[in-house]
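Going down the list, the protein sequences come from chains A and B. Heads up: the first sequence begins at 5 in the numbering used here, then just goes up one per residue. Heads up: the second sequence begins at 10 in the numbering used here, then just goes up one per residue. Comments concern the structure below.
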Amino acid sequence: MNKAYCTLAVLLGIVLLTATSCFNDLDIVPIDEDFNTSEAVYRDPASYRQVLAKLYAGLAVTGQQGPAGQGDIVGLDEGFSSYLRNLWNMQELPTEEAICAWNDQGIPELNRAFFDSNNPLIAGMYARIYFQIPLTNEYIRETTDEKLNFREIPADIQADVRIFRAEARFLRALSYWHGLDLFRNIPFIEEARGVGAYFPEQATPQETFAFIESELKAIENLLVAPGQNEYGRADQAAAWMLLAKLYLNAEVYIGESRINESLEYIKKVIDSGAFSLEPNYEHLFLADNHNSAEIIFPVTFHGRNTQTWGGMTFLINSSNGGSMVPADRGVNGAWGGNRVTAGLVMKFDTSAANTDERAMFYTAGQTLAITNPRTFTEGWAITKFSNLDQAGNPGSDNTHPDTDFPMFRLADAYLMYAEAVLRGATGGDQATALGYINALRQRANATSITAGDLTLDFILDERARELFWECHRRTDLIRFGKFTSGDYVWPHKGNTVANEFPEGRAIDEKFRILPLPSNDLAANPTLVQNPGY
Amino acid sequence: MVAQRTISGTVKDADTQEPLIGANILVVGTSTGTTTDINGAFQLDVPEGATALEVSYTGYTTKEVALTASNLIAVALSAGEDLDEILVIGYGEIKKEDATGAIQSVTSKDFNQGAITSAQDLVAGKIAGVNITPSTDPGGGAGITVRGLSSLRASNAPLIVIDGVPLETNNNGGSRNFLNIVNPNDIETFTVLKDASASAIYGSRASGGVILITTKKGKGSDKFRLNYNGNVSMNQVTRRIDVFDADEFRQLVLNKYGEGSVEASYLGDANTDWQSLIYQNAIGTDHNVNFSGGVKGLPYRASVGYTNKEGVLKTEKFERTTLALNLNPKFFDNTLQVNISSKAMFTRNRFADRGAVGTAVGFDPTQPVFADDSLSQAKYGGYFAYQNPQGNPLSLAPTNPVAMLNLRNDASNVQKYIINGSVDYRFPFLPELRANLNLGYDYFYGEGEVTASEQLAYAVEDTGSITNYWNSNENRLLEFYLNYVKDYGNLGKVDFMAGYSWQNFFFNNYSFSRNLTGNEVFSPEETFPREYYLVSLYSRLNYTWNDLLVTLTLRRDGSSRFSEQARWGLFPSAAAAYKVFDGRKGNFNSLKVRVGYGVTGQQDIGNGFSDLYPYLPLYDASQPNAQYQFGNQFVTTLRPRGYDANIQWEETATLNAGIDFGLLDNRIIGSLDYYLKNTNNLLNEIDVAAGSNFTNRIVTNVGSMTNSGVELSLQATPISNDRFSWEIGGNATYEQNEITQLIANTLDTNYLGVFTGGISGINNNIQIHSVGHPLATFFVYEQLYDDNGNPIEGAYSDLDGDGQGGVGNGDRYHSRNPNARWFFGINTRLTYDNWELSMSGRARVGNYIYNNIWSDRANYNALRGNTAFLSNLHREVLNIGFEQPQLLSDLYLQNGSFFRMDYITLSYFFPELGGVKNVKVFATVQNPITITNYPGLDPEVGGIDGSVYPRSRAFLIGLSGSL
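Shown next, in the form of C-alpha cells:
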C-alpha cells in the first residue's frame, strides 16, 4: 500500500506542477504585431504621430482598412459611417443646395428636412462625433508631460508631442462644435474619464460653448503659426477659424451675440497673411488642391493611401449620373445620387450671359424642375469636385479621388468678415468687406458689386454661390433664420411622401436641431431628447 | 441454508475470455460486495442465508449467479447488447440506471437515414430539448441548440466532444461545417448532457449543453469484417419566391409610370424566369467502406468515406473523403489500455455566389440572360449587363444572377485531422485506482481562391478580382485524471475522479486580394495569428448507497480571454437520484426520480481578434490604404480598440428535476424533465452610451435571463412479434425564456434594451432584447387597417400618445417571439419480415418570422432602382398595396409554426445475397412533406427571412452489405 500512495503522491505532484506552470499560459498578449497594447504603443516615441494621424483620419476614412474593413463604427454600413459624408448629408441635403435620388432609409427624409430620431444617417453622424471625442480624450490623457517624462520620451519628441496634443484638442473642439451645431444638447465626456460603463451626461449649450471656447483659446498659442505646419495638420489659423465660427453662430447656440469676437478671430486669420485666394476658383476642388494656398484646414484623401466609400469618393461619384461622363471628373463611378434644387441654381444668372465660374452646373439631359426626387436627371447636376488635376490628368485611382476637402478656406473667412461687419461687429469696416467680396467675385469672373449691394441677404446668397456643397449651408440658413421659415423655401422643403408640397413650405422650428438618435437614448437613459422629437 | 463462507471466483468476458478488472460483485439482497482485481479474481465473505451473487460490469449485461455448494465460481459476462444502457458521460461512462442527470443518448441503430453528410442530422428530432435545424447546402453546418438559447452574444452552440476531444466549434473560412470531420457512418453514439449536473464537469464551456460523440471501435475477438454502404441522391428545390413574370411586370410598370415614362424606357423585351435559371437538380453520391477486427488481440476499425454532392444552387459542389482509424490495444495483463483514435477529412468545395438567390428574386424579368451585341460579347462574356451610356457597368445596378454564378469561382480545399491517444492505467497494486492521460491534437487547414471574372459586371472596372486565402487552426489538448472506485458494501460505493485539463487554441488566417492583372491590390497580403488558452481542474464524486445515487462535481476554469481578476470561474453541481423501483414485473416496471442543480459557464464569444483579447486596451495599425497624409508623407495610423476591462464569464445556474420510467413490461419507456436556467452576466454586444468607449458597440456582461421548460420523451413498442413489429418514439418540449435584467445597477424604466435583428435598409433593427420579454422579441409599429381589413400605408397606433403614430421608439411595441414555444419530434419504425419502413419528423409551434422579402419587395417603390434599372416585386404587393417600404410594421410578422417530415425510408433486408451478408437496399425521401401557414420559402429560417438558400427535397436509393 505504501508503494501505492507514494506513486499517487508523485503523480499528484506532477499534476500540480504541470498545472501551475500552465496557469501562466493564461497571461497572453496578442501575437500579431499589427496589434499592440496601449502601454507598448505609448512607450514607443514613434507612435505619438501615428495615433495623432488616426485622430485626423477619423474625419476621412471609416476604418483601418481602405476603402472598407475593420470599421470604426459598428452596425452601420461602413460607407455610410464616414464623418465627412455624414456631415455633408446633414449640412446639404436638408437645404436648397442638394437633393439625393437614393431611397436608402433616411435619405428621402433628409431631402425633405423632415427627419426623426430613427434616421440612420443622423445616428451615423452622431456616432462619428462620439468616436472622435473619446479618441482625442485618450490621446490628451496619454500625452501629459508627466506621462511623457515617466516613459522617458526624448526631449525633442516631447516638444513635437506637445504640439500634437494641442492639435488633438483642436480636433476635439471641432467635433464638439459639430455636435453643438447639429444636436445642441449633447453628452459631455470629461477628459479624466476613461473607458468604462458609465453614462456621459448632457451638457447645456452654454457649457459646451464655453468648453469649446476655452479649449481653443488655451491651445491658440500652442499650435504652429498659420501656414507653418505640415500639410493636413491644423495650425493656429484653423483654431481661429473655428473660434470665429463658434462666435458667429453664438446667437443660435446660446442666445447671445459674440459678433465682435468673431470678427476679432477672422481678422487674425486674414491678417496672418499665410493664405491667399487660389487664382482659379475651379482649382480649389481638383485632385492637386493640396497645393492651394487658400485652404486653411483640409480633410485629405488619396486614391491609393486614403480610401473610403465616404468622403470625396462619395462626393464625386454620387454626383455623376444621367448623361455625365464620369471620366470627365477622373472617376469611373456614376452613382446617380446628388444634384441641386432650383433654389441654388437661381442664385446664379441661368442665362447664357452668366460669367460666374462658380456656376458649375451640368445641364445636358437634366431638367431644372424636380418632380420625382428619385430621378437623377431631375435637378441640375454639379461638377464642382473632380479627380482631375489642373493639367487634366486623373488622380491615382479611378474610384477614390486624390482630391482633398476644404473644411476651412480663406474665401469663407472673407465672407465671414463681411457678415460680421454687416451684423455690427466693431473692429472692421464695410470698405474692406466690400473689397473681400469683390475679390471673390472677380476671381470667379462675376461682376463686382457696390457698397449698396452689400446686405446680409446678399451675403447669404453669396455664401451659397461661393461655398455650396462645402458643408456650410444648413448652419448658414439657421443663422439667417431661413432654414425653417415659410418666407424662404426651396423645392421639396418640408414635402410629404405624397408630394403635397413640391415647391416647399415652412417646417417646424424643431428641425433646426437634429434629434438625438434613438439608439443612444436607449443606451444612455440620462439623455433628454431635443424638443419636439 | 448455508452458513457464512468465503466465495472465490473470476469474472471474464464471455467472448474473449479476458478477465474483467473492477467488476462488481454483490450479494443479492444485501449491500455486501467487492470488486475484481487485475486478474479478474475476487474473494467475498458471504453471509448466512445468501442465495445468489449479482455480477455487474460497465458495458456488460449484469448476471445473477445462484450460489451452490461450491465455493468457487467462474462468471462470464457478455458485452451489453443494449448499448442504450450505457451512457457516455464526461470523462467516463455510467449505467443509464445510475445516471443522476438529464442525459439522453441515441445509438447508431436509431439514427435518421437519408443523404446525411453531417453528424448532427443523424439525430434531428430524436432528442427532447435538442433543437437541430438541418443544413440546406451540401455538407453545410446546422444550428444545434440544447434547451433553448441561454446567451445573447456568446455561443449558444453546445460543446462537442468527439472521442474525448472537445472541439473548437467556430467554423473557419473555406469550411462548411466543423462536424464534417466525422463521417456519420462511423458514429456509434450521440449523447447529450442536458442539465448542469451532467455537463458541469465541462464547466466553462457547458452552458449550451454538451454533445459527446463516440465513434465505432473494433473488438479484439472480432473476425475480419468488411461493411459497405452507399447511396445515390437527387435534390431539388420545391418552392420559389412569388414574383411577377415578365408580361405582368411589363404591365405593372406601364400602369404605374405610363407609356413613355423614364421607367418604361428601362423595360427590356425578354421573358426571363431568373429563379428557374439559378437552380438545378443536384446529384449526389456517398460511399463508405469500413473494416474491423482484431489482429493478435489488437482491435482495430478503419473506414473510408467518400461523398460527392452538388448543391441545388448551380455551381455549388461538395466533395469529401474521410478516413478514420481506431486502435484499442491493451498491455500488461490488460492493466494498460491504449485508445488511439485518428480521423482525417479532405474536402473540396465550390461555393456558389449566394447573392444570386436574392438577386434572382429582384432582377427585372424583362431583361435577357444573354445579350448578343458586340460590346456585351466582348466586355461581359455575352451576358446581359446594365450599362451606362459609356458602356461601362451602370453604377449601383444589380449583376445578372446567372453571370454571378458562372463567372465567379469560389473554391476551397480543406483538410482536418483529429488525433488523440489516451492511456488508461489501472494500478496493479491498487485496482480501485486508474489513471488516464489523454492527448489530443486537432488541426485544420483550409485554403481557397475566389476569382471574379473581368467580364462580371461588378468586377469589370477593376479588371476582375482574385482573392487567395488560407485559414489554419490548431488545438492542443492535455488531460489527466485519476479515478478511484471502491465499493464499501453497506456504506455504499464511491467513484471519485479528479483531473486537470489544458487546451490551447491557435488560429491563423491569410488573405490577399487584387485584380486579375495584378496591378491593383485591394487588400494586401496579411496574416492574422491569434490564440487563447483554457486551463481547468475538475473533480467528480459518484456515491451510490442502495437505491440512492448522488453526484457532486466541481470544476475550476481559467480563460485567457479575461483579465487576471476575472479569469477564474468555479462551476459546482450536485445531483441525486432515487430508484423508487427497478426491474419490477407488472404495469409499472421502473421509476427513478432525479434532481440536480449546477452552474455552468460560457466564454466563447468567437475567435475573431476582439473576441480573444476583449479586456486588453489595444491599438491596431491601419492598412496602407487607410493612411493619413501629413505633409508629403502618408502615416500609418494607430487606433485604440474598444474594450471592456471587466469582461468576465457568463454563468448559467440550472435546476433540473426529472423522472425516468418503464411501463407495461418496458414496452413504454420515457423521461419527463423540468428545468429552470438562470443566466447571469450575459455576454452581449450592446450600444455603449456614446462617448464612453472607443467604439459604439461592445461585447460586455449586461444582464440576466431565465429559461425554463418541460421535456417529455417516450419510446413505445406497441407490437412486437416474430414477423411484425412497430416502434414509435416521440418527444415534446415546451420552453420559454425571459430577460430579467439588462444593465447592472439600473432599473431605469426608460431603458428600452438592446436592439438586434438587422433587416434591410441602413441600421434597421427589428428585434430587441428587453427586460420582461423573451430574447430578440420583435419590436415593431402596430399596423392600422381600414374597414375592409386592408393595411393603411404608414398608419400606426400612436402608442406613446404624442399625436403621431409610427414615429420614434415610443410607438414601437414588443410583439411576437421569434423562438418557438413547442418543439416536437416523432419517429416510427415498422418491420414486417424483411421489410422495414421508418419515418422521422419534427414540428415547432409558436415561432414567428419577420418576412423581410415582403417588407422589402412588396411595395411599389422597390420597382425603381437607385439608377437606371427596375426591380421585380413580390406579388404580395397586389394585396398590401404600399407605395413605400414600411419596414417596421408588424404586418410582416408571420407565424412560422410547421410540421416537417424529414425522412421516410423503406428498406428490404437479405440476410445473405450472393455471398454477401446483411444486404439491405433502401429508398429514402428526405423532406417530403411540410405543413405550415408560413408563406415564405422555409419556416425554419428563424427570425428574419431574407434571401435564403432554399431547403430542397431529396430522393435517395442506397445499398449496404457486409463480408
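Cβ coordinates follow ideal geometry from the N, Cα and C atoms, glycine included.
Query                                                                                                                                : Result
Cβ-based neighbour list, B:Asp-91, same chain, cut-off 6 Å, excluding 5 preceding and 5 following                                    : Because the pLDDT at B:Asp-91 is just 49, under 50, the model does not fix this residue reliably, and the point stays unresolved.
Inter-residue Cα distance where the pair is B:Tyr-822 and A:His-476                                                                  : 39 Å
N- and C-terminal bounds of the beta strand (DSSP E) containing B:Asn-297                                                            : 291 to 304
Given B:Glu-456 as reference, the closest of B:Asn-445, B:Asp-419, B:Gly-473 and B:Tyr-467 once Cα atoms are compared                : B:Asp-419
Cβ-based contacts, 9 Å cut-off: residues of the segment 630 to 650 of chain B near chain A                                           : Ala-630, Ser-631, Gln-632, Pro-633, Asn-634, Ala-635, Gln-636, Tyr-637, Gln-638, Phe-639, Gly-640, Asn-641, Gln-642, Phe-643, Val-644, Thr-645, Thr-646, Leu-647, Arg-648, Pro-649 and Arg-650
B:Leu-723 - DSSP class collapsed to helix/strand/coil                                                                                : strand
Proximity to B:Trp-554 [Cα-Cα], best of B:Tyr-497, B:Glu-573, B:Pro-581 and B:Glu-540                                                : B:Tyr-497
Contact list for B:Phe-788 against chain A, beta-carbon separation under 8 Å                                                         : Within chain A, no residue comes near B:Phe-788; the closest Cβ sits about 11 Å away, beyond 8 Å.
When B:Gly-952, B:Asn-826, B:Gly-812 and B:Gly-890 are compared against B:Asp-795, the one with the closest alpha-carbon             : B:Gly-890
Touching by the beta-carbon criterion (3+ pairs, under 8 Å), the segment 139 to 151 of chain A and the segment 194 to 204 of chain A : yes
Beta-carbon contacts of B:Ser-969 that lie in its chain and below 6 Å, excluding the five residues immediately before and after      : Asn-238 and Lys-929
Contacts that B:Gly-770 makes with chain A (C-beta to C-beta distance below 9 Å)                                                     : Asp-108, Gln-109, Gly-110 and Pro-124
Partner residues on chain B for A:Ala-526, Cβ-Cβ distance less than 9 Å                                                              : Asp-696, Asn-759, Tyr-760, Leu-761, Gly-762, Val-763, Phe-764, Ile-777 and Asn-818
Outcome for B:Asn-754 when other beta-carbon atoms lying within 10 angstroms are tallied against a minimum of 16                     : With a pLDDT of 46 at B:Asn-754, under the threshold of 50, the predicted position of this residue should be treated as unreliable, and no value is reported.
Beta-carbon proximity of A:Val-3 to A:Leu-372, cut-off 8 Å                                                                           : There is simply no residue 3 of chain A to check, as chain A begins at 5 and stops at 537 in what is shown.
Reference B:Ser-17; option with closest CA among B:Asp-46, B:Gly-671 and B:Thr-39                                                    : B:Asp-46
A:Gln-210 and A:Ile-274 closer than 8 Å at C-beta                                                                                    : no
B:Gly-955 at chain A interface by Cβ criterion, 8 Å                                                                                  : no
Rounded straight-line distance, which links the Cα of A:Asn-295 to that of A:Asn-402                                                 : 21 Å
Stretch-stretch touch, CB-based, cutoff 8 Å, three pairs: the segment 470 to 482 of chain B with the segment 509 to 520 of chain B   : yes
CA-to-CA distance, B:Thr-316 to B:Phe-964, given in whole angstroms                                                                  : 16 Å
Rounded separation between A:Asn-376 and A:Gly-383 - CA only                                                                         : 10 Å
For B:Phe-833, the first and last residue of its enclosing beta strand (DSSP E)                                                      : 831 to 841
Interface residues of chain B facing A:Val-501 [CB-CB closer than 8 Å]                                                               : Gly-803, Glu-892 and Gln-893
Chain A contact for B:Gln-399 (CB, 8 Å cutoff)                                                                                       : yes
Buried versus exposed call for B:Val-20 [16 or more other C-beta atoms within 10 Å across all chains shown]                          : buried
Which residues DSSP lists as bridging B:Trp-975, in chain order                                                                      : The structure shown does not extend to residue 975 of chain B, since chain B is modelled only from 10 to 972, so the question has no answer here.
Cut-off 6 Å between Cβ atoms - residues of its own chain near B:Val-366, not counting five sequence neighbours on either side        : Ser-956
Beta carbon proximity, B:Ala-699 to chain A, threshold 8 Å                                                                           : yes
A:Asp-81 beta carbon less than 8 Å from that of A:Gly-67                                                                             : no
For A:Glu-513 and A:Thr-488, believed in contact at Cβ under 8 Å, the rounded distance                                               : 5 Å
Which of helix, strand or coil DSSP assigns to B:Asn-447                                                                             : strand
Below-8 Å beta-carbon distance, A:Asn-523 vs any chain B residue                                                                     : yes
Backbone secondary structure at B:Leu-439 - three-state DSSP                                                                         : coil
Nearest neighbour of B:Asn-186, chosen from B:Gly-152, B:Arg-162, B:Arg-593 and B:Thr-837 [CA to CA]                                 : B:Gly-152
Between the CA atoms of B:Pro-338 and B:Tyr-100 - distance to the nearest angstrom                                                   : 19 Å
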